[in-house]
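Which chain is which? The protein sequence lines are A and B, in order. Numbering-wise (the working numbering), the first sequence opens with residue 28 and increments by one. Numbering-wise (the working numbering), the second sequence opens with residue 55 and increments by one. Idealized CB from N, CA, C, for every residue including glycine. Just so it is clear, the structure is predicted and the values come from calculations on it, not from any experiment. Some notes on the structure that comes next.
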Amino acid sequence: MGFMVVTLEALALKISVSKDFSRYPGGRFAADGKFSGEEFRDRILVPALKAAKRRSEQVVVNLDDTAGYASSFLEETFGGLVRVRGFSAKELLGGLLRIEAKNPLYAAYKVLAEKYIRDAEPLARAG
Amino acid sequence: MTPEELSQVSKAFGDALTSHSQVGFNPYTVVVSAAVGAFFGVLSSWLKGYRDSAASDGDILVETIDEAADLASEYWLAEKSDHAHAEARLTGLQTRISLLAQNFYGSVRRYDRRVISEMLPDLFDALTGGEFGSRSRSIDTIRARRAQELSALLAARIRVAFSQSWTLLSLVLRKIGLE
Numbered sequence: 028m029g030f031m032v033v034t035l036e037a038l039a040l041k042i043s044v045s046k047d048f049s050r051y052p053g054g055r056f057a058a059d060g061k062f063s064g065e066e067f068r069d070r071i072l073v074p075a076l077k078a079a080k081r082r083s084e085q086v087v088v089n090l091d092d093t094a095g096y097a098s099s100f101l102e103e104t105f106g107g108l109v110r111v112r113g114f115s116a117k118e119l120l121g122g123l124l125r126i127e128a129k130n131p132l133y134a135a136y137k138v139l140a141e142k143y144i145r146d147a148e149p150l151a152r153a154g
Numbered sequence: 055m056t057p058e059e060l061s062q063v064s065k066a067f068g069d070a071l072t073s074h075s076q077v078g079f080n081p082y083t084v085v086v087s088a089a090v091g092a093f094f095g096v097l098s099s100w101l102k103g104y105r106d107s108a109a110s111d112g113d114i115l116v117e118t119i120d121e122a123a124d125l126a127s128e129y130w131l132a133e134k135s136d137h138a139h140a141e142a143r144l145t146g147l148q149t150r151i152s153l154l155a156q157n158f159y160g161s162v163r164r165y166d167r168r169v170i171s172e173m174l175p176d177l178f179d180a181l182t183g184g185e186f187g188s189r190s191r192s193i194d195t196i197r198a199r200r201a202q203e204l205s206a207l208l209a210a211r212i213r214v215a216f217s218q219s220w221t222l223l224s225l226v227l228r229k230i231g232l233e
């Protein structure tokens, strides 16, 4: 009888910011211009997270190969998941979402994105 | 020791010196001494070049951080207007800082690398966080001051990291993988 090894990697839904969204991510809000954090979160990330949650999968967001990020983009994208879209930091960082930066140049952005998730408070609680 | 014994020791020492001077220079000793001297000369010159290059990397990193902090302070203290140029420069400067930091990490201790890499995200948050890029943004004096504060702390940490990573002990430990 054989065993099938199922890794988390195989069950991951992968999103590359540079390939699936833009090499030039913009600012915070959609009203401020193209390729904003709000647009990325609502058009790409939230649908992927909802699908992954239903199927007990994981979403992997790869930050590599863009021309850099404004921190406000990262805050609106990742902090906004908790603040605006009702996800909890615990479920996101507990396995539903993995943020990766294979290129060390993007390591600071990965740290920052995870920090924004941890620090965000839902709007109702934040008042 | 009696005076007789002292006299005998002194005579024996004198004889030894005389016999050594009669032997003259051993050519092998001369060649080995020259080789050892040349080896250490080349080693110290290589180390000095390596150290100067690392110091220069650190200087450029600090200058770029200062430049980014100054530009960010101007940006956060100015009334909202068309700031697309400053925004493009600030995100570009973040990329440049990341690149230069990667280059600098090769010449400092693992501990210092970790400390500096933990400080960078906070600096980036001060530079381009908050309402950065928003058309409705307001003047943010806290963020302007924070950019200056974090850049100063980071610059000081880079200097300390460099001086502590270039002691003889630290170099040896790094070379044998025990830093």
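Starting from the N-terminal side, write out each stretch of the alpha helix (DSSP H) that is 4 residues or longer and does not extend beyond the region 130-175 of chain B.
-> Within the region 130-175 of chain B, the complete alpha helix (DSSP H) runs of at least 4 residues are 138-159.
Taking only the alpha-carbon atoms, compute the straight-line gap between residue 100 of chain B and residue 94 of chain B and give it to the nearest angstrom.
-> Just so you know, the alpha carbons of residue 100 of chain B and residue 94 of chain B end up roughly 10 Å apart.
Residue 111 of chain A and residue 139 of chain A: beta carbons closer than 8 Å?
-> no
CB contact below 8 Å: residue 222 of chain B versus chain A | no
Any chance you could list the alpha helix (DSSP H) runs of at least 4 consecutive residues sitting entirely within the region 48-75 of chain A, in chain order?
-> With a minimum length of 4 residues, the continuous alpha helix (DSSP H) runs that stay inside the region 48-75 of chain A are 64-67.
So is residue 55 of chain A in contact with chain B if we call contact Cβ pairs under 8 Å?
-> yes
How close, in whole Å, do the beta carbons of residue 90 of chain A and residue 137 of chain A come, if the pair is a contact with beta carbons under 8 Å?
-> 6 Å
Of the residues B:110, B:189, B:115, B:65, which one's Cα is nearest the Cα of residue 133 of chain B?
-> B:189
By a C-beta neighbour count over all protein chains shown, 10 Å radius and 16 as the cutoff for buried, is residue 83 of chain B buried or exposed?
-> exposed
Kindly give me the distance between the Cβ atoms of residue 184 of chain B and residue 63 of chain A, rounded to whole angstroms, as I take these residues to be in contact under 8 Å.
-> With a Cβ gap of about 15 Å, residue 184 of chain B and residue 63 of chain A do not count as contacting.
Residue-level contact to chain A via CB, residue 160 of chain B, 8 Å cutoff | Residue 160 of chain B is outside the set of residues whose beta carbon lies under 8 Å from a beta carbon in chain A.
Residues near residue 120 of chain B in its chain [Cβ-Cβ closer than 8 Å; skip 5 each side] = 205, 209
What are the boundary residues of the beta strand (DSSP E) that includes residue 124 of chain A?
-> 124-127
Answer with yes or no whether the minimum CB distance from residue 154 of chain A to chain B is below 8 Å.
-> Any reading at residue 154 of chain A is ruled out, since the residue's pLDDT is 44, under 50, leaving its predicted position unreliable.
Counting only the same chain and skipping the five closest in sequence on each side, list residues whose C-beta sits under 8 Å from that of residue 169 of chain B.
-> Take residue 169 of chain B, set aside five residues on each side of it, and the residues of its chain with a beta-carbon closer than 8 Å to its own are 211, 215, in chain order.
Please list the partners that residue 102 of chain A has in chain B, where partner means a Cβ-to-Cβ separation under 7 Å.
-> Close to residue 102 of chain A, with beta-carbon spacing below 7 Å, are these residues of chain B in chain order: 183.
Where the beta strand (DSSP E) containing residue 94 of chain A begins and where it ends | Here residue 94 of chain A belongs to no beta strand (DSSP E), and DSSP marks it neither H nor E.
Residue-chain proximity (residue 175 of chain B, chain A), Cβ-Cβ < 8 Å | yes
Indicate whether at least one CB of chain A lies closer than 8 Å to the CB of residue 194 of chain B.
-> Not closer than 8 Å to any Cβ of chain A, the Cβ of residue 194 of chain B fails to qualify, so no.
Extent of the continuous alpha helix (DSSP H) run through residue 139 of chain A = For residue 139 of chain A, the enclosing alpha helix (DSSP H) starts and ends at 134-146.
DSSP three-state assignment for residue 230 of chain B, whether helix, strand or coil = coil
Distance, Cα to Cα, residue 144 of chain B vs residue 105 of chain B?
-> 30 Å
Taking the C-alpha atoms as reference points, what is the distance between residue 132 of chain A and residue 91 of chain B?
-> 42 Å
What residues are listed by DSSP as bridge partners for residue 15 of chain A?
-> The question about residue 15 of chain A has no answer, for chain A in this structure spans 28 to 154.
Would you mind giving the Cβ-Cβ distance between residue 174 of chain B and residue 135 of chain A, rounded to the nearest angstrom? I have them listed as a contact below 8 Å.
-> For a cut-off of 8 Å, the C-beta gap from residue 174 of chain B to residue 135 of chain A is around 4 Å, short enough to register as a contact.
Can you find a CB in chain A that lies within less than 8 Å of the CB of residue 148 of chain B?
-> Yes, because at least one Cβ of chain A sits closer than 8 Å to the Cβ of residue 148 of chain B.
What's the gap between the Cα of residue 47 of chain A and the Cα of residue 128 of chain B?
-> 34 Å
Find the residues of chain B that neighbour residue 107 of chain A, judging by a C-beta separation of less than 9 Å, and give them in chain order.
-> The premise fails here: residue 107 of chain A is roughly 13 Å from chain B at the closest Cβ pair, so nothing lies under 9 Å.
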